[in-house]
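Participant: Letter 425 of the sequence shown, counting from 1, is numbered 425 in our numbering, and no numbers are missing.
Take this structure first; my questions come after.
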Amino acid sequence: MHGQWSSRLAFILAVAGSAVGLGNIWKFPYIAGQNGGGAFVLVYLACVFLVGLPIMMSEVLLGRRGRRNPMSTMRILGEEEAGQPQWQLVGLGGLIASFLILSYYSVIGGWTLHYILLSAQDSFANADAALVNELFDGLVGSVGKLALWHSVFMGLTAGVVARGVEQGLESAVRFMVPALVLIMLALLGYAINSGDFERGLHFLFDPDFSKLTPTAILIAMGQAFFSLSVGMGAVMAYGAYLPQDESIIKTSIAVVSTDTAIALLAGLVIFPIVFANGLDPAEGPGLVFHTLPLALGQMPGGALVGTAFFILLAFAGLTSAISLLEPVVAWLVERRGMRRGAAGLLAGTGVWLLGWLTIVSFNVAADVKLLRGTFFDNIDFLTSNIMLPLGGFFVTVFAGWVMCANSSADELDPSAGIVYRTWRLLARYVVPVAVTLVFLNAIGLFD
Ligand code: TRP
Numbered sequence: 001m002h003g004q005w006s007s008r009l010a011f012i013l014a015v016a017g018s019a020v021g022l023g024n025i026w027k028f029p030y031i032a033g034q035n036g037g038g039a040f041v042l043v044y045l046a047c048v049f050l051v052g053l054p055i056m057m058s059e060v061l062l063g064r065r066g067r068r069n070p071m072s073t074m075r076i077l078g079e080e081e082a083g084q085p086q087w088q089l090v091g092l093g094g095l096i097a098s099f100l101i102l103s104y105y106s107v108i109g110g111w112t113l114h115y116i117l118l119s120a121q122d123s124f125a126n127a128d129a130a131l132v133n134e135l136f137d138g139l140v141g142s143v144g145k146l147a148l149w150h151s152v153f154m155g156l157t158a159g160v161v162a163r164g165v166e167q168g169l170e171s172a173v174r175f176m177v178p179a180l181v182l183i184m185l186a187l188l189g190y191a192i193n194s195g196d197f198e199r200g201l202h203f204l205f206d207p208d209f210s211k212l213t214p215t216a217i218l219i220a221m222g223q224a225f226f227s228l229s230v231g232m233g234a235v236m237a238y239g240a241y242l243p244q245d246e247s248i249i250k251t252s253i254a255v256v257s258t259d260t261a262i263a264l265l266a267g268l269v270i271f272p273i274v275f276a277n278g279l280d281p282a283e284g285p286g287l288v289f290h291t292l293p294l295a296l297g298q299m300p301g302g303a304l305v306g307t308a309f310f311i312l313l314a315f316a317g318l319t320s321a322i323s324l325l326e327p328v329v330a331w332l333v334e335r336r337g338m339r340r341g342a343a344g345l346l347a348g349t350g351v352w353l354l355g356w357l358t359i360v361s362f363n364v365a366a367d368v369k370l371l372r373g374t375f376f377d378n379i380d381f382l383t384s385n386i387m388l389p390l391g392g393f394f395v396t397v398f399a400g401w402v403m404c405a406n407s408s409a410d411e412l413d414p415s416a417g418i419v420y421r422t423w424r425l426l427a428r429y430v431v432p433v434a435v436t437l438v439f440l441n442a443i444g445l446f447d
């Protein structure tokens with residue numbers, strides 16, 4: 001019922017397109033800044049490689065074995081391996097999480113669209129902190145502008161998904177990721193020359209463990225899930241298209257390394273600018289939109305570099321947004337018998353409506369604070385820090401404990417070599433124990 005990726009590279013590109021997005025460049029720097037830098041980054045890296053990577057491998061292997069949308073895959077494999085179709089609830093949780101994440105992701109994606117225009121109009125020329133502030137507040141303070149750009153971003157996402165994902169995506173990502181890295185290297189050059197690079201480095205990589213609260217550890221783990229796109233079945237959905245003879249292990253390692261390198265690169269660009277301009281590293285979701293315009297306004301050719309950068313960032317966001325909408329649409333098509341176009345329209349409209357909660361979080365409802373803060377803060381915390389880790393937990397428990405070793409070895413490495421045995425160790429023990437401990441610690445059960 002599914003097509004297949006044309007090659008391993010095509011699959012890597014699709015998963016990398018999902019993983020590399022606003023999470024790397026918008027989110028990672030601002031939450032690293034809010035959580036004190038170094039120690040947070042260290043925990044983040046540990047979570048990426050010890051927890052996120054084995055979960056990604058588990059998702060791909062389940063996806064390729066089930067060859068359906070994540071919910072049906074979990075139902076069918078649950079039945080096959082253990083006579084327990086209720087494993088589909090893991091898939092359902094993933095669908096709900098992707099819906100919620102996309103609702104705010106699209107609003108931030110809209111910010112990047114607005115910043116394409118600002119750069120193209122050379123609005124950052126010789127900008128100082130006050131001007132950059134004014135530009136940002138002019139955007140997030142305006143319900144109309146946010147709604148407009150959110151609508152455009154969501155329309156693009158739903159449009160691509162409604163047409164079917166395979167075409168165009170491969171070639172877009174093949175160009176986008178390297179181009180994004182190139183421009184970021186140019187920005188890195190600026191940060192080294194004109195930013196306070198030493199302080200930036202120190203902030204990012206010199207761990208101060210006294211800043212590491214139990215909640216910060218949970219947020220670091222949540223960010224690892226978010227950035228790698230694991231925990232909700234997006235990678236599982238893509239794994240369904242992976243040819244049988246491709247190595248899951250190699251592809252997962254390639255994606256995880258690329259994603260992590262780009263997040264660190266973003267941090268290396270942003271923090272030197274923060275410190276050179278006396279900005280606050282903990283200012284929150286506006287961080288990248290306050291720092292990069294300062295650099296762009298000062299560097300030669302900044303308008304051009306900025307326009308290209310924000311176009312690429314919007315693209316990176318779009319390929320991630322597509323992977324958030326695809327599972328919902330695939331489910332509507334396969335289980336509810338809808339046509340792709342209608343399914344895309346229905347799911348897109350639902351997400352668009354939910355996006356209003358995020359839009360008002362930055363202006364008229366900025367003072368409405370529940371549990372974790374604004375509506376946006378709550379949706380973000382619930383999805384990244386609770387739903388994704390829970391989803392990833394159950395996926396690896398299924399792959400490591402419920403699925404028989406023959407099945408998983410069959411997908412990962414029939415010769416059951418050292419890499420397979422390491423994966424199995426991580427999936428059976430390290431991942432479940434780590435997620436549980438981080439949760440218990442954050443709830444305060446260890447106090
Ligand atoms: N990983 C993407 C980013 O970093 C966001 C994303 C896409 C995502 N698909 C996902 C997050 C699935 C969690 C689950 O921007």
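From the three backbone atoms N, C-alpha and C, an ideal C-beta is built for every residue, glycine too.
Would you call the segment 415-431 in contact with the segment 384-403, where contact means no fewer than 3 C-beta pairs closer than 8 Å?
Facilitator: Touching, yes, given that three or more Cβ pairs across the two stretches are closer than 8 Å.
Participant: Using three-state DSSP, classify GLY373 as helix, strand or coil.
Facilitator: Correct three-state label for GLY373: strand.
Participant: Between PHE197 and the rest of its own chain, which residues show a CB-CB distance below 7 Å, the 5 nearest in sequence each way excluded?
Facilitator: Closer than 7 Å at Cβ, skipping near neighbours: ALA191 and PRO272.
Participant: For the ligand TRP, is there any heavy atom lying closer than 7 Å to the beta carbon of PHE376?
Facilitator: It does not: the Cβ of PHE376 is nowhere closer than 7 Å to a heavy atom of the ligand TRP.
Participant: When DSSP labels each residue in this structure, what does VAL15 get in the three-state scheme?
Facilitator: Correct three-state label for VAL15: helix.
Participant: Pick out whichever of SER18, ASP410, PRO389 and VAL364 has its Cα sitting closest to the Cα of GLN219.
Facilitator: Looking at the sequence provided, one finds Ile at residue 219 rather than Gln. The shortest C-alpha separation from ILE219 is found at PRO389.
Participant: Is any heavy atom in the ligand TRP found nearer than 7 Å to the beta carbon of LEU146?
Facilitator: No, the ligand TRP has no heavy atom inside 7 Å of this Cβ.
Participant: Please classify LYS27 as buried or exposed, where buried requires at least 16 neighbouring CB atoms within 10 angstroms.
Facilitator: The residue is buried, with at least 16 neighbouring Cβ atoms inside 10 Å.
Participant: At which residues does the alpha helix (DSSP H) containing ILE386 begin and terminate?
Facilitator: Per DSSP, ILE386 belongs to no alpha helix (DSSP H) and is neither H nor E.
Participant: Check GLN34 in the structure and name its three-state DSSP category.
Facilitator: Looking at GLN34 - three-state DSSP - the assignment turns out to be helix.
Participant: From LEU265 to LEU185, what distance separates their C-alpha atoms?
Facilitator: Computed Cα separation, rounded: 8 Å.
Participant: With respect to the alpha helix (DSSP H) encompassing ALA342, which residues constitute its N-terminal and C-terminal limits?
Facilitator: First-last of the alpha helix (DSSP H) with ALA342: 340-361.
Participant: From LEU187 to LEU313, what distance separates their C-alpha atoms?
Facilitator: For LEU187 and LEU313, the distance between alpha carbons rounds to 14 Å.
Participant: To the nearest angstrom, how far is it from the Cα of GLY52 to the Cα of GLN244?
Facilitator: Each residue's Cα considered, the two are about 23 Å apart.
Participant: Measure how close the beta-carbons of PRO327 and LEU95 come, nearest whole angstrom, since I'm counting them as under 8 Å.
Facilitator: Between LEU95 and PRO327 the Cβ distance is about 6 Å, and since that is below 8 Å, they are a contact.
Participant: Would you list, in sequence order, the uninterrupted alpha helix (DSSP H) runs of no fewer than 4 residues that lie entirely inside the segment 391-427?
Facilitator: The qualifying runs are 405-412 and 418-425.
Participant: Once you ignore the five residues that flank ILE173 on each side, which residues in its own chain have a CB closer than 8 Å to its CB?
Facilitator: Note that residue 173 corresponds to Val in the displayed sequence, not to Ile. LEU13, ALA14, ALA16, GLY17 and THR319, listed in sequence order.
Participant: Can you tell which of LEU156, ARG335 and ILE183 has the C-alpha that lies nearest to the C-alpha of MET299?
Facilitator: It is ILE183 whose Cα lies nearest to the Cα of MET299.
Participant: Would you decide whether TYR429 is buried or exposed? Buried here means 16 or more other CB atoms lie within 10 Å of its CB.
Facilitator: TYR429 should be labelled exposed.
Participant: Examine the ligand TRP and report whether any of its heavy atoms sits within less than 7 Å of the Cβ of PHE394.
Facilitator: No, Cβ of PHE394 sits at least 7 Å from all heavy atoms of the ligand TRP.
Participant: Assess contact between the segment 112-121 and the segment 302-310, defined as three or more Cβ pairs (one per stretch) separated by less than 8 Å. Is contact present?
Facilitator: The segment 112-121 vs the segment 302-310: in contact.
Participant: Is it true that the CB of TYR30 sits closer than 8 Å to the CB of ALA224?
Facilitator: Not a contact, by the Cβ cut-off of 8 Å.
Participant: In chain order, what residues of the same chain lie with their CB nearer than 6 Å to the CB of PHE40, ignoring the 5 residues before and after it?
Facilitator: The residues are ALA32, ALA216 and ALA220.
Participant: Can you tell me the Cβ-Cβ gap for THR73 and LEU62, rounded? I've got them flagged as a contact below 8 Å.
Facilitator: That pair is a contact at about 6 Å.
Participant: Once the 5 residues before and after ASN69 are set aside, which same chain residues still bring their CB inside 7 Å of it?
Facilitator: So the list reads ALA237, PRO327, ALA330, TRP331 and GLU334, once near-sequence residues are dropped.
Participant: From GLY164 to ARG340, what distance separates their C-alpha atoms?
Facilitator: One C-alpha to the other measures close to 8 Å.
Participant: Quick check: is any heavy atom of the ligand TRP less than 7 Å from the C-beta of PHE446?
Facilitator: Every heavy atom of the ligand TRP is 7 Å or more from the Cβ of PHE446, so no.
Participant: Shortest alpha-carbon distance to ARG8 belongs to which of ILE249, MET56 and LEU445?
Facilitator: Here the closest residue by C-alpha is ILE249.
Participant: Do ASP259 and ALA416 count as a contact pair if the criterion is CB distance below 8 Å?
Facilitator: Result no, Cβ atoms of ALA416 and ASP259 do not sit closer than 8 Å.
Participant: Please report the straight-line C-alpha distance between MET1 and LEU139, rounded to a whole angstrom.
Facilitator: Bear in mind that the predicted position of MET1 carries a pLDDT of just 40, short of 50, making it unreliable; the figure below should be weighed with that in mind. If I take the Cα positions, the gap works out to 44 Å.
Participant: Can you find a heavy atom of the ligand TRP that lies under 7 Å from the Cβ of ILE108?
Facilitator: Not so, every heavy atom of the ligand TRP lies at least 7 Å from the Cβ.
Participant: Count the C-beta pairs between the segment 379-395 and the segment 94-113 that are closer than 8 Å, then say yes if the count reaches three, no if not.
Facilitator: They touch, by the three-pair rule.
Participant: Quick one: which unbroken beta strand (DSSP E) runs of 3-plus residues sit fully inside the segment 124-179? Chain order, please.
Facilitator: For the segment 124-179, not a single whole beta strand (DSSP E) run of length 3 or above is found.
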